[in-house]
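Residue numbers (this note's numbering): 4 to 204. Have a look at the structure below, then the notes.
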């Protein structure tokens with residue numbers, strides 16, 4: 004039998020669910036529907052934390068478990084890059100990211116006995132130059148269509164990534180180190196209960 008859920012994940016992202024599974028956290032998935040439009044002049048750090056909090060609080064209205072909300076933004080020259088609307092927009096995004104560094108910010112919020120706890124992690128990602136032929140071939144795979152910034156570091160686009168500075172799992176969708184700290188403070192057990200809950204040393 005699968006373990007009983009110990010956390011509610013307020014997200015439909017299979018990547019976040021899979022990341023939590025790697026550290027032995029069984030979840031019930033309850034996606035929430037919120038407006039993800041950035042506010043006028045809203046900084047990326049504030050944006051991802053606001054969405055993470057809103058998702059967690061919305062999920063908490065429907066679950067007795069601690070609830071995790073999260074949001075990730077790809078940022079280049081201060082601009083938040085969303086999901087590309089089509090091939091040309093995806094190519095424009097990746098041309099702007101290629102051959103240089105950009106930032107990926109992930110906000111996390113967890114509700115529970117300790118209240119609403121949050122963290123925000125910034126990772127610098129360095130992509131190599133990408134040819135137009137590679138851009139067209141990558142779009143044809145279907146992978147970039149629903150990815151912020153037009154690429155997936157855990158997928159085919161891994162061949163474009165020279166190196167990163169920071170958390171790889173945060174770029175995928177959830178910074179596991181910081182998330183584990185927040186969950187431990189909310190009494191959520193890790194490793195399918197083999198690691199006792201409580202503040203981590």
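A virtual CB, placed ideally from N, CA and C, is assigned to each residue, including glycine. Nothing here was measured: the structure is a model prediction, and the numbers come from that model.
Item to complete: Have a look at residue 167 and residue 25 and give me their C-alpha separation to the nearest angstrom.
Response: Between residue 167 and residue 25, the C-alpha separation is close to 21 angstroms.
Worksheet item: Who are the near neighbours of residue 34 in its chain, counting only those whose CB is closer than 8 angstroms to its CB and skipping five residues on each side?
Response: The beta carbon of residue 34 sits closer than 8 angstroms to the beta carbons of 13, 14, 15 from its chain, once the five residues preceding and following it are set aside; these are given in chain order.
Worksheet item: If you compare alpha carbons, which of 143, 11, 97 is closest to residue 62?
Response: The shortest Cα separation from residue 62 among 143, 11, 97 belongs to 11.
Discussion item. Does residue 194 pass the burial test, meaning 16 or more other C-beta atoms within 10 Å, or should it be called exposed?
Written reply: When all chains shown are included, residue 194 counts as exposed.
Discussion item. Does residue 185 come out as helix, strand or coil in the three-state DSSP assignment?
Written reply: Helix, per DSSP.
Worksheet item: Apart from the five residues just before and just after residue 65, which ones in its own chain have a Cβ nearer than 7 angstroms to its Cβ?
Response: Cβ neighbours of residue 65 beyond the five flanking positions: 33.
Worksheet item: Do residue 105 and residue 123 have their C-beta atoms within less than 9 angstroms of each other?
Response: Against a cut-off of 9 angstroms, the Cβ pair of residue 123 and residue 105 comes out as no contact.
Discussion item. Can you confirm whether the segment 129-138 touches the segment 171-186 when touching is taken to mean that 3 or more C-beta pairs between the two stretches lie within less than 8 angstroms?
Written reply: Because the criterion of three Cβ pairs below 8 angstroms is not met, the segment 171-186 and the segment 129-138 do not touch.
Worksheet item: Apart from the five residues on each side of it in sequence, which residues of its chain come closer than 6 angstroms, Cβ to Cβ, to residue 155?
Response: Cβ-Cβ distances below 6 angstroms link residue 155 to 146 in the same chain, with the five nearest sequence neighbours on each side left out; the list follows chain order.
Worksheet item: Looking at residue 174 and residue 128, is the spacing between their C-beta atoms short of 9 angstroms?
Response: Going by C-beta atoms, residue 128 is nearer than 9 angstroms to residue 174.
Worksheet item: Roughly how far, in whole angstroms, is the beta-carbon of residue 188 from the beta-carbon of residue 120, given that I think they are within contact range, below 8 angstroms?
Response: 6 angstroms between Cβ atoms; contact.
Worksheet item: Got a sec, what are the start and stop residues for the beta strand (DSSP E) residue 65 sits in?
Response: From DSSP, residue 65 is part of no beta strand (DSSP E); its letter is neither H nor E.
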